[in-house]
Amino acid sequence: MIASKLKLLASLSILSLANAATIQQPRSSPKEPFPQTHGTDLNIHDPSIVRSGDTYYSYGVDTHIPIHSAPSLDGPWTRLGNALDADSVIPKGDRTAPWAPNTIALNGKFYIYYGVSQAGCRDSAIGVAVSDHPGPGNWTDHGPIIQTGTGKGSGKYPFSTSNAIDPSVVIASGQPYLNFGSYWSGIWQVPLKEDLISLGDNVKSDSRHLAAEPKAMFPGGNNPDANCRDDSGSHPIEGAFISYHFPYFYLWYSHGKCCDLDPKALPKPGDEYSIRVGRSSNPQGPYTDKSGKDLVDGGGELIYGSNRDVYAPGGQAVLTDIGGDILYYHYLNSSVSYDFNTAKFGWNRLEYEDGWPVAQY
Ligand SMILES: *[C@@H]1O[C@H](CO)[C@@H](O)[C@H](O)[C@H]1NC(C)=O
Ligand SMILES: *[C@@H]1O[C@H](CO)[C@@H](O)[C@H](O)[C@H]1NC(C)=O
Numbered sequence: 061m062i063a064s065k066l067k068l069l070a071s072l073s074i075l076s077l078a079n080a081a082t083i084q085q086p087r088s089s090p091k092e093p094f095p096q097t098h099g100t101d102l103n104i105h106d107p108s109i110v111r112s113g114d115t116y117y118s119y120g121v122d123t124h125i126p127i128h129s130a131p132s133l134d135g136p137w138t139r140l141g142n143a144l145d146a147d148s149v150i151p152k153g154d155r156t157a158p159w160a161p162n163t164i165a166l167n168g169k170f171y172i173y174y175g176v177s178q179a180g181c182r183d184s185a186i187g188v189a190v191s192d193h194p195g196p197g198n199w200t201d202h203g204p205i206i207q208t209g210t211g212k213g214s215g216k217y218p219f220s221t222s223n224a225i226d227p228s229v230v231i232a233s234g235q236p237y238l239n240f241g242s243y244w245s246g247i248w249q250v251p252l253k254e255d256l257i258s259l260g261d262n263v264k265s266d267s268r269h270l271a272a273e274p275k276a277m278f279p280g281g282n283n284p285d286a287n288c289r290d291d292s293g294s295h296p297i298e299g300a301f302i303s304y305h306f307p308y309f310y311l312w313y314s315h316g317k318c319c320d321l322d323p324k325a326l327p328k329p330g331d332e333y334s335i336r337v338g339r340s341s342n343p344q345g346p347y348t349d350k351s352g353k354d355l356v357d358g359g360g361e362l363i364y365g366s367n368r369d370v371y372a373p374g375g376q377a378v379l380t381d382i383g384g385d386i387l388y389y390h391y392l393n394s395s396v397s398y399d400f401n402t403a404k405f406g407w408n409r410l411e412y413e414d415g416w417p418v419a420q421y
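Residue numbering for the sequence shown follows this note's numbering, beginning at 61 and increasing consecutively.
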């Protein structure tokens, strides 16, 4: 997420909730377009979950990447400690509390991809820490894989046009890909090497632009640092994650305003954070929505948004669990606070209709 300080000026058409109207849930009232969340007491922003044996581990945004564990997604969640013993080795931005970690497990090793940046700027980097255990205690911080704004490689395409935060890694037919991006030109994908900690060789030919918000939904700011404003306006799309459910890859992302929400001047309904998706038969895209519109052109299906006391859900990912796919995310509780530090962990089961995910209770 990008904690932009920008205030809402532009207003856009309200999103169609027509797709969601077909959802039938025992717990949903006719007025609610989405099923109720499984809310929890886990205080977290931009959650990432892995299951190891019978235990779920969560990774979130705070000092040195806090780790919690629980016997089920509903909790009880127990704080175990932090992944990093110290600040990120990358000398940039918010290195004390890296942003939006994404943790994956492969061949007995665990990899946490994280971002360092500062609010509203694209002077950013994605780093990775590796351990042989999902809990705290033995993570090695390998530092940056990619950088934007300043630093090694930041002048090269696609880093010259993107913002290196909100990482996620998908491995397809043995080839790992790093998805990333926030605001500016949106969501990008680059190949990784098999070691999962370094950038692939064929970046120029194998990088892909996966999704974008063409509309300027908010003002782009007037910060004198060109890395900290967008003269074309602000394009709120971020938090990419790719899941697989036969026979498609699904590109999930968060759309709209995540942070710095003023309860007295909330964004127009539909302009706050929500969870959207597109699909492709190729991990490298192109990803399209139900109408066939490419996500790079602003396409995308709304899968989960504000409902009841859930406000601005996002920072999502999908866990392929024993019983099926789980969509999980953070949300604000509108009966409690709009302060993003109060965000909680929530989740819903996914079912697929005609190959499109539908949130269930
Ligand atoms: C929101 O907070 C209220 C008051 O604490 C609580 O009753 C409710 O269950 C919460 N809702 C969610 C989705 O967390
Ligand atoms: C800690 O990590 C190192 C390097 O990955 C590994 O060689 C070592 O066995 C690990 N130690 C423990 C106690 O897990």
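Here a beta-carbon is modelled for each residue, glycine too, at the ideal position from N, C-alpha and C. None of these values were measured; they are calculated from a predicted model.
TODO: Kindly give me the distance between the Cβ atoms of GLY180 and GLY281, rounded to whole angstroms, as I take these residues to be in contact under 8 Å.
DONE: Along the sequence shown, one-based indexing puts residue 180 at 120. Along the sequence shown, one-based indexing puts residue 281 at 221. About 6 Å; that satisfies the 8 Å criterion.
TODO: Starting from the C-beta of SER351, find all residues in its chain whose C-beta is less than 8 Å away, skip the five residues before and the five after it, and write them out in chain order.
DONE: On the sequence shown, residue 351 is found 291 positions in, with the first residue counted as 1. So the list reads GLY359, once near-sequence residues are dropped.
- [ ] Can you give me the Cβ contacts of THR221 inside the same chain, cut-off strictly under 8 Å, excluding the 5 residues immediately before and after it?
- [x] Walking along the sequence shown from the start, residue 221 turns up at place 161. Taken in chain order, the residues that qualify are TRP244 and SER245.
- [ ] Decide yes or no for the touch test of the stretch 136 to 156 against the stretch 200 to 211: beta carbon pairs closer than 8 Å, at least 3 of them.
- [x] yes
Task: Cβ-based burial, ASN401 [other Cβ within 10 Å; buried from 16] - done: Your numbering for residue 401 matches position 341 in the sequence shown. By the neighbour-count rule (16 or more Cβ atoms within 10 Å), ASN401 is not buried but exposed.
Open item on the list: Which complete beta strand (DSSP E) runs does the stretch 266 to 321 hold, if anything under 3 residues is left out?
Closed with: 268 to 271, 297 to 305 and 308 to 315
Open item on the list: The beta strand (DSSP E) that contains ALA185, what's its start and end?
Closed with: As a position in the sequence shown, residue 185 is number 125, starting the count at 1. Here the beta strand (DSSP E) through ALA185 covers 184 to 191.
Task: Cβ neighbour criterion (16 or more within 10 Å) applied to ARG139 - done: For this step, residue 139 is matched to residue 79 along the sequence shown. The residue is exposed, with fewer than 16 neighbouring Cβ atoms inside 10 Å.
Task: Buried/exposed call for GLY168, threshold 16 Cβ in 10 Å - done: The sequence position of residue 168 within the sequence shown is 108, counting from 1. So GLY168 ends up on the exposed side.
Open item on the list: Distance check for ASP101 and ASP134, CA to CA, integer angstroms please.
Closed with: Against the sequence shown, residue 134 aligns to sequence position 74. Against the sequence shown, residue 101 aligns to sequence position 41. Taking the straight line from one Cα to the other gives about 8 Å.
Open item on the list: So SER228 and PHE309 are supposed to be a Cβ contact under 8 Å. How far apart are they, rounded?
Closed with: Position 168 of the sequence shown, counted from the first residue, corresponds to residue 228. Position 249 of the sequence shown, counted from the first residue, corresponds to residue 309. Not quite, the Cβ-Cβ distance comes to about 12 Å (not below 8 Å), so this is no contact.
TODO: Go through its chain and collect everything with a Cβ distance to ASN367's Cβ below 6 Å, but skip five positions before and after it.
DONE: For this step, residue 367 is matched to residue 307 along the sequence shown. Correct list, in chain order: GLU92 and PHE94.
TODO: Identify which residue in ILE127, ASP266, PRO161 and ILE225 has its Cα closest to the Cα of GLY197.
DONE: Taking the first residue of the sequence shown as position 1, residue 197 is located at position 137. For GLY197, the nearest C-alpha among the options comes from ILE127.
TODO: Using 8 Å as the cut-off, classify the Cβ of TYR398 as near or not near the heavy atoms of ligand 1, replying yes or no.
DONE: Mapped onto the sequence shown, residue 398 falls at position 338. No - ligand 1 has no heavy atom lying nearer than 8 Å to the Cβ of TYR398.
Task: Top-ranked residue by Cα proximity to VAL188, from ILE231, GLY175 and PRO194 - done: Translated into positions along the sequence shown, residue 188 becomes position 128. Out of ILE231, GLY175 and PRO194, GLY175 has the C-alpha closest to the C-alpha of VAL188.
- [ ] Compare the beta carbon distance of HIS124 and THR163 with 9 Å and say whether it is the shorter of the two.
- [x] Your numbering for residue 124 matches position 64 in the sequence shown. Your numbering for residue 163 matches position 103 in the sequence shown. Contact flag unset, no.
Task: Local conformation of PHE400 per DSSP, three classes - done: Looking up residue 400 in the sequence shown gives position 340. Reduced to three states, the DSSP call for PHE400 is helix.
Open item on the list: At 3 residues or longer, what runs of the beta strand (DSSP E) sit wholly inside the stretch 148 to 208?
Closed with: 159 to 166, 169 to 176, 184 to 191 and 200 to 208
Task: Pick from GLN96, ILE104 and LYS328 that is closest to TRP137, judged by C-alpha positions - done: As a position in the sequence shown, residue 137 is number 77, starting the count at 1. The shortest Cα separation from TRP137 among GLN96, ILE104 and LYS328 belongs to ILE104.
Task: At least three beta-carbon pairs within less than 8 Å, the stretch 232 to 251 to the stretch 331 to 344 - done: yes
Open item on the list: Can you look up ASP357 in the DSSP assignment and give me helix, strand or coil?
Closed with: One-based indexing of the sequence shown puts residue 357 at position 297. Here ASP357 sits in helix by DSSP.
Task: PHE170 to LEU144 span [Cα, whole Å] - done: Numbered from its first residue, the sequence shown carries residue 170 at position 110. Numbered from its first residue, the sequence shown carries residue 144 at position 84. Each residue's alpha carbon lies about 13 Å from the other.
TODO: Given a cut-off of 9 Å, decide if ALA271 and GLY338 are closer than it, judged by their beta-carbon atoms.
DONE: Here the question's residue 338 lines up with position 278 in the sequence shown. Here the question's residue 271 lines up with position 211 in the sequence shown. Yes, the Cβ-Cβ distance between GLY338 and ALA271 is below 9 Å.
Task: Candidates ASP114, THR97 and PRO417: closest to TYR304 by CA position - done: Locating residue 304 in the sequence shown gives position 244, counting from the first residue. Taking only the C-alpha atoms, the option nearest TYR304 is PRO417.
Task: VAL230, DSSP secondary structure in three states - done: Within the sequence shown, numbered from 1, the residue matching residue 230 stands at position 170. If DSSP states are grouped into helix, strand and coil, VAL230 belongs with the strands.
Open item on the list: With a threshold of 7 Å on Cβ separation, who are the neighbours of ARG289 within its own chain once the five nearest residues in sequence on each side are excluded?
Closed with: Position 229 of the sequence shown, counting from 1, holds the residue named residue 289. Contacts found: GLY280, GLY281, ASN282 and ASN283.
Task: Spatial distance of ASP320 from ASP399 (CA atoms) - done: In the sequence shown, counting from the first residue as 1, residue 320 sits at position 260. In the sequence shown, counting from the first residue as 1, residue 399 sits at position 339. Using only the alpha carbons, I get a separation of about 7 Å.
Task: Proximity to LYS264 [Cα-Cα], best of GLY99, LEU379, GLY241 and GLY215 - done: Numbered from its first residue, the sequence shown carries residue 264 at position 204. Of GLY99, LEU379, GLY241 and GLY215, the residue nearest in Cα terms is GLY215.
Task: Exposure of TYR391, with buried meaning 16 or more beta-carbon neighbours within 10 Å - done: Here residue 391 corresponds to residue number 331 of the sequence shown, with the count starting at 1. So TYR391 ends up on the buried side.
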